[in-house]
Structure formats: structure tokens, C-alpha cells
Amino acid sequence: MREYTRGEVFRANLPYGVMVVLGACVIAACVGSSAAGVAWAGLYVLYGIAGALWVMRFICPFCAYYNSRGCPCGYGLVSARIAQKGEKTCFSEKFKRHIPVIVPLWIIPVLCGGYALLRGFSLPLLVLLVLFVADAFVILPLLSRKHSCAECPQRDDCPWMGQRGGR
Numbered sequence: 286m287r288e289y290t291r292g293e294v295f296r297a298n299l300p301y302g303v304m305v306v307l308g309a310c311v312i313a314a315c316v317g318s319s320a321a322g323v324a325w326a327g328l329y330v331l332y333g334i335a336g337a338l339w340v341m342r343f344i345c346p347f348c349a350y351y352n353s354r355g356c357p358c359g360y361g362l363v364s365a366r367i368a369q370k371g372e373k374t375c376f377s378e379k380f381k382r383h384i385p386v387i388v389p390l391w392i393i394p395v396l397c398g399g400y401a402l403l404r405g406f407s408l409p410l411l412v413l414l415v416l417f418v419a420d421a422f423v424i425l426p427l428l429s430r431k432h433s434c435a436e437c438p439q440r441d442d443c444p445w446m447g448q449r450g451g452r
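Under the working numbering, the first residue of the sequence shown carries the number 286, and numbering increases by one thereafter.
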């Protein structure tokens, strides 16, 4: 099993981090640069962090990379600190059950940004929204498929990879 360096783990997590930051910026731009805008953006960032922890707690214990440096995103080592190992055969079931918890991270900024743009055009908001969509729906999935998923021993059983055939 290949072991990943801290630099590789950082690069693997960068698109998700960028997505969360851009999503927060979209939300703040929609609400305005008021205390409410900052608060909603902050809640979105907290949701992004909680979403990653949720994956580590409820999906990663069932992964073949649990508690190893073989996990491309580094979640396997963190997961071992917060959850006990589960059965690898349950990975697909756990993935299907828990991944919907983080899906709104991809949807909320698009809905907020789209609605705000319908109410009144804003070039800065449009730019933020385009950057968010490019990162969340193109860059992040592409890098996941080519980097993390391509080398995963569970890719054939993965609900996400199995449907998209990105081997």
C-alpha cells in the first residue's frame, strides 16, 4: 500500500477547503457584508468542518485505509482517533447512508447565489459563484477520481466510483 506524505494529503484536501471558503464567500455576498452575512458564512464553514468530521466518524472506520497513511486525504488516521474500526464489507452501505449529510455543502451556495443573482445582478457574486461551481463540480471530483479514488482498494465497491466508472 502506498503511503502519502503530508504535502500530498494537503493537496488532496485543498479543493474541499477551497470549496468551503468559496461557498462561505458566496453566502456572505448574498446576505451582504453585514453581521448576518458573516454569521451565515461562518455557519457554512462550521458545517464544512463538521461534514469532514462526520465522514471521518461514520464512513472512514469501514474503509480499507482506516488508521493508515495509505489514505490519500489523511482521514484514515484522524478517524482512528475518533471512531473504532468497522467491517470493510459495510463500507458501501455506510457510504450510501452518510454521504447525504454533506451533499448540501455543494447545493447551498448554488441556491443562495442563484437566487441572489435573480434578484439583482452582481458581477462579484457571479465570479464567486462560477469559481465555486468550477471547484465543487469539476476540480474536486476530477482530482478525487484521478488521485484518491484511482488508487483505492474499495473503488469497485464504492457507490460513488461504481456509478461513474472513474478507474
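Cβ atoms here follow ideal geometry from the backbone N, Cα and C, with glycine treated the same way.
Close beta carbons around residue i, own chain, < 7 Å, minus the five adjacent residues each side
| i | result |
| --- | --- |
| residue 372 | 347 |
| residue 376 | 347, 348, 439, 442 |
| residue 330 | 305, 309 |
| residue 351 | 345, 361, 364, 365, 370 |
Cβ-Cβ distance between residue i and residue j below 7 Å
| i | j | result |
| --- | --- | --- |
| residue 363 | residue 341 | yes |
| residue 357 | residue 433 | yes |
| residue 421 | residue 391 | yes |
| residue 401 | residue 408 | no |
| residue 300 | residue 424 | yes |
Residue interval of the alpha helix (DSSP H) (run including residue i)
| i | result |
| --- | --- |
| residue 378 | 376 to 383 |
| residue 372 | Per DSSP, residue 372 belongs to no alpha helix (DSSP H) and is neither H nor E. |
| residue 364 | 360 to 367 |
| residue 317 | Taken as a continuous stretch (DSSP letters only), residue 317 belongs to no alpha helix (DSSP H), as it is neither H nor E. |
| residue 392 | 389 to 404 |
| residue 421 | No alpha helix (DSSP H) contains residue 421, which DSSP labels as neither H nor E. |
Nonlocal neighbours in the same chain, by C-beta distance under 8 Å from residue i, ignoring five residues either side
| i | result |
| --- | --- |
| residue 413 | 307, 310, 311, 314, 398 |
| residue 289 | 297, 354, 355, 356, 357, 359 |
Close beta carbons around residue i, own chain, < 6 Å, minus the five adjacent residues each side
| i | result |
| --- | --- |
| residue 303 | 420 |
| residue 450 | A caution first: residue 450 carries a pLDDT of 44, below 50, which makes its placement in the model unreliable, though a value can still be read off. Cβ within range, chain order: n/a, list empty. |
| residue 294 | 359 |
| residue 428 | 300 |
Distance between residue j and residue i (C-alpha atoms, nearest Å)
| i | j | result |
| --- | --- | --- |
| residue 361 | residue 440 | 16 Å |
| residue 417 | residue 353 | 31 Å |
| residue 345 | residue 405 | 42 Å |
| residue 318 | residue 380 | 37 Å |
| residue 436 | residue 291 | 17 Å |
| residue 321 | residue 287 | 45 Å |
| residue 337 | residue 316 | 25 Å |
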